[in-house]
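Everything in the sequence shown is counted per my numbering, starting at 2 for the first residue and increasing by one.
Cβ atoms here follow ideal geometry from the backbone N, Cα and C, with glycine treated the same way.
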Amino acid sequence: MFYAKNIKRLIISERVNITRRFEKCSLIAQHVLEYSEEVTAKLSETIAYTDVPLDCRFSRIRTEETQLGNFVADIIRTETDADFAVVNGGCLRANIVYPSGPLLLRFMDQVIPGVDTIVRLRLSGHLILDMLENGVSKYPQYEGRFLQVSGFKFKFDPN
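The structure is reproduced here in structure tokens:
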């Protein structure tokens, strides 16, 4: 029989802080510069236009329906060919109001900076109701659970 207490762990490591005392590698620096320029150019491309300001302030996106929340939920509903879509307000992270006009790819990177998984599910009415109730359960706190929706409307009594 094998007992873990009989094993002595030997860990040899050294912490190396990357500081200015290390010389810059010109090949890597050039590669980073080229890649940065490419990413900056891509993020500057216009992807859409809006006739109205899009509000992504946490005080709004996490407590009420917003046009930005509708926009993101509409994109998800369209791309997944679903009957409706919900997006928790907490995944929308920009905390600013975008003015009307052209929207750059940078806009989507600011609004949804992380990689979020989108799933398409078949849900019972009971589960949909539970989902909606959970979405408003901490109202008016700026919880990320508040749902932005597409394809349906809902009302709730905050009292």
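Simplified DSSP assignment, three categories, for residue i
i: Y50; result: strand
i: V17; result: coil
i: D158; result: coil
i: G152; result: coil
i: L69; result: helix
i: V40; result: helix
i: Y4; result: Residue placement at Y4 cannot be trusted, given a pLDDT of 46 that sits under 50; the coordinates are not used to answer.
i: D56; result: strand
i: G91; result: helix
i: G102; result: strand
i: L124; result: coil
i: S27; result: helix
i: I97; result: coil
i: E144; result: coil
Strand pairing of residue i, partner residues [DSSP]
i: G115; result: Looking at the DSSP assignment, G115 forms no beta bridge with any residue, so it has no partner.
i: A86; result: S151
Cutoff 7 angstroms; reference residue i; Cβ partners in own chain excluding five residues on either side
i: K43; result: L106
i: F157; result: V137
i: Q111; result: A95
i: D84; result: G152
i: D52; result: S101
Beta-carbon proximity list for residue i, same chain, < 6 angstroms, skipping 5 on both sides
i: Y143; result: F59 and R63
Integer-rounded CB distance, given that residue j should sit under 8 angstroms from residue i
i: L133; j: F155; result: 6 angstroms
i: T67; j: D56; result: 5 angstroms
i: G90; j: Q149; result: 6 angstroms
i: L93; j: L69; result: 7 angstroms
Own chain partners of residue i with C-beta closer than 8 angstroms, once the 5 adjacent residues on each side are dropped
i: V33; result: none
i: M109; result: I48
i: N71; result: Q149, V150 and S151
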